[in-house]
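Protein chains in written order, with the numbering used here: chain A, 6 to 325; chain F, 6 to 325. Here a beta-carbon is modelled for each residue, glycine too, at the ideal position from N, C-alpha and C.
Protein chains: 2
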Amino acid sequence: MAVPARQVSSAELDRELGLRTGTTFRQTGVERRFLSTTETAAQLAARACEAALADAGLRWEDIDCLVAASATMDQALPYNAALVHAELGLDHRRTATFDIGASCLSFLAGLDVMSYLVEAGRYRHVMLVSADIATFGLDWTRLKEGGIFGDGAAAVVIRKALPGETGALLSSSMVTLSAGVNHCRIPAGGSRFHPRRVAGPIEPLSLFRMEGKSVFRLVAAELPDFARRLLDQAGTAMDRIAAVVPHQASQLALDHLAKRLGIPDGRLVDIFARYGNQVSASLPTALHLALSEGRVRRGEQLMLIGTGAGLTMGGMVLTY
Amino acid sequence: MAVPARQVSSAELDRELGLRTGTTFRQTGVERRFLSTTETAAQLAARACEAALADAGLRWEDIDCLVAASATMDQALPYNAALVHAELGLDHRRTATFDIGASCLSFLAGLDVMSYLVEAGRYRHVMLVSADIATFGLDWTRLKEGGIFGDGAAAVVIRKALPGETGALLSSSMVTLSAGVNHCRIPAGGSRFHPRRVAGPIEPLSLFRMEGKSVFRLVAAELPDFARRLLDQAGTAMDRIAAVVPHQASQLALDHLAKRLGIPDGRLVDIFARYGNQVSASLPTALHLALSEGRVRRGEQLMLIGTGAGLTMGGMVLTY
């Protein structure tokens, strides 16, 4: 994982915004978050990739595919993976690169999809990286929305399990509820609200907007059944899951998830107070922390789950 | 395939730009191109999907995954496939959706990747759609760059071949030469050149810029060997390929491709004069026209090949 150099506590935000001490933390649930100043998404992604490569004990010549699975673009063109490839100085390596995107669930979609390609032997080692710098597009006067986000990146190396290894993907699913397509959005940045096509200033359209209550209503009705089917398909049950690694959407969303899914005490990986909502980087950062803090042992099962702009629900049950 | 309602001939552009008759065609090689006025990328994509579904004789309940493989974003958030899903009114269908992106080669990357998922039985029928509206970001005073682009969309349905069917993917490859990462680019639209992060006006940064000669130099040295390896891996040779379907980068690029790859006369699918460079929609539109015009018969081989911003080379040899 990688984060920008600058970290900002909620106490600092209180002072900056002229609020009574404790206001920002009470409204956001975030103690500190990391905010990019000069770092680009590709730079954070590259640092996460180098860390994953070292952890895996591999060298770049072992990696034959680099997939960027981020929620937002670094530039409109070229795609994120090409920018990360350039940032890593891999030009002399003849790597395949492409992006896989599904907003906050991009990492899940990428892990799911690429597992089939390593299983089939198409690629030997896939570097999968999620990186988002979403905090430039925030309205800091709307603290509950703006104050929860942080920047970051996280990467994993995927390969086929060797005989005798426990790692396995037991079930995986993704479903789009596009009735909520406008519940979370950044209108500008693409062709629909191009500066040439929009009469007024573009800046207001490049800010993130979320209708939290509408998201909650749509998701609350669906997620418990969705999680149950994931467990059923994996032939397991919630009480056998060592850790549930969710997308870190908000403190409220995490609390509801624990309750609605009946996650046993201490099994939910909640890094929200330490990092905020890091968009696509949330899930792999939480996964990295859960594994490196020893919350899942080899052979134990874990669940990844979340909801992102789309709206899309996604989840996966794995053996570590 | 789908195109916007408005078509613009090079003769019309001559008049609009106050140029001597024939100038635009001579500089671009495009007779007419389709330009979006009110259409969004998701609308064009949805029309292409409906056409592909009808061609395949399927209904939406048969499609369990929708993948958008475009070069540019429709909005910064959510991702393209969710917007297409909403545009198609598929909310009551519980479809998986995500994006696969590799600029102009997004369709190739998507076809390649998703072939493994249908082969493994993860999805039964995948709708894969490419749609780009790039023409808002053009500088029409630079005709050789701006005048070659057109808008459009094209879609295919992918499924596993049944016993006795000839369809097969024989070889596929993708390589990124990120020394050329800045040769084709639209800087703004993402977090790197966010309106909040850039001092000056954002519009100049949201225009497409290409260093054609640098692209050519990098690619000309690499593409012939790349194509030869694709043919070798497929166990075939250029004289056995019924049709070569290239990305329609420019007339010069197409002419050089035919010469450098030794493509026999009449085998190159060149739709450039009729549609221009439709970014990610070029390859599937050319494929659709090649198949619907009867240029490839069942059991014959075809090659898809191209280069896109990244720079990335990609190619595939298939049996139809």
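In the structure shown, F:Val203 adopts coil according to DSSP, grouped into three states.
Comparing alpha carbon positions, the residue from A:Asp230, A:Asp237, A:Val131 closest to A:Val180 is A:Asp230. Under the three-state reduction of DSSP, A:Gly319 is assigned to strand.
Distance check between F:His97 and each of A:Tyr325, A:Leu316, A:Met321 places A:Leu316 closest, using alpha-carbon atoms only. Unbroken alpha helix (DSSP H) runs of no fewer than 4 residues, entirely contained in the stretch 82 to 124 of chain F, are found at 85 to 92, 111 to 124, following chain order. With a contact defined as Cβ atoms closer than 8 Å, A:Pro9 and A:Glu44 qualify at about 5 Å. In this structure, the beta-carbon distance from A:Ser75 to A:Ser135 falls below 8 Å. Measuring C-alpha to C-alpha distances from F:Val161 to each of F:Leu296, F:Ala239, F:His188 identifies F:Leu296 as the nearest. Contact annotation for F:Gly195 against chain A: Thr77, Met78, Asp79, Gln80, Ala81, Gly194 [CB-CB distance below 7 Å, chain order].
The bridge partners DSSP lists for A:Ile310 are A:Pro251, A:Gly320. Contact holds between the stretch 213 to 231 of chain F and the stretch 183 to 192 of chain F, because three or more Cβ pairs, one in each stretch, are under 8 Å apart.
In the displayed model, A:Ala232 falls within a helix according to three-state DSSP. For the pair of segments examined, the stretch 120 to 134 of chain A was found to touch the stretch 161 to 175 of chain A: the number of CB pairs separated by less than 8 Å reaches three. Within 10 angstroms of the beta-carbon of F:Thr29 lie 16 or more other beta-carbons, which makes it buried. In summary, the residues of the stretch 168 to 197 of chain A whose CB is separated from some CB of chain F by less than 7 Å are Met179, Val180, Thr181, Leu182, Ser183, Ala184, Val186, Cys189, Arg190, Ile191, Pro192, Ala193, Gly194, Gly195, Ser196, Arg197, in the order they occur in the chain. F:Ala47 and F:Glu92 do touch by the CB rule: their CB atoms are close to 4 Å apart, below 8 Å. Around the beta carbon of F:Thr324, a 10 Å sphere encloses 16 or more other beta carbons of the protein chains shown; the residue is thus reported as buried.
Excluding residues up to 5 positions away in sequence, Leu175, Ser176, Leu235, Leu236, Ala239, Thr241, Gln306, Met308 lie with their Cβ nearer than 7 Å to the Cβ of F:Val322 in the same chain.
By the neighbour-count definition (other C-beta atoms within 10 Å, threshold 16), A:Gly23 is an exposed residue.
By a beta-carbon distance limit of 8 Å, F:Gly194 contacts F:Met78. Their separation comes to about 7 Å. A Cβ-Cβ contact shorter than 8 Å links A:Ala158 with A:Ala50. Counting along the chain, F:Phe39 sits inside the beta strand (DSSP E) bounded by residues 37 to 40. Identification of residues in the stretch 199 to 232 of chain A having a C-beta nearer than 8 Å to some C-beta of chain F yields His199, Pro200, Arg201, Arg202, Ile207, Glu208, Ser211, Phe213, given in sequence order. Each of F:Leu266, F:Ala248, F:Asp260, F:Ala173 was checked against the Cα of F:Phe277, and the nearest Cα belongs to F:Asp260.
A:Thr100 reaches chain F at Val180, Thr181, counting residues in chain order whose Cβ is nearer than 8 Å.
Approximately 19 Å separates the beta-carbon atoms of A:Asp117 and A:Asp137; this is outside 8 Å, ruling out the contact. For the stretch 140 to 153 of chain A, the set of residues with a beta-carbon nearer than 7 Å to any beta-carbon of chain F comprises Phe141, Gly142, in chain order. For A:Leu133, the three-state secondary structure derived from DSSP is strand. Beyond the five residues adjoining it in sequence on each side, F:Ser287 comes within less than 6 Å, by CB distance, of His252, Gln253 in the same chain, given in chain order. Listed in chain order, the alpha helix (DSSP H) elements of length 4 or more contained wholly in the stretch 22 to 80 of chain A are 28 to 33, 46 to 61.
DSSP places F:Met6 in the coil class of the three-state scheme, outside both helix and strand. Taking F:Ala87 as the centre and dropping the five residues before and after it, the same chain places the C-beta of Thr102 closer than 7 Å to its C-beta, in chain order. The beta carbon of A:Gly115 sits closer than 6 Å to those of Val72, Ala74, Ile105, Leu133, all from its chain and outside the five residues before and after it, given in chain order. The Cβ of F:Gly240 sits no closer than 8 Å to any Cβ of chain A. Within chain A, the residues whose beta carbon sits less than 7 Å from that of F:Ser108 are Leu82, Pro83, Tyr84, listed in sequence order. Judged by their CB atoms, F:Val250 and F:Ala291 are nearer to each other than the 8 Å cut-off.
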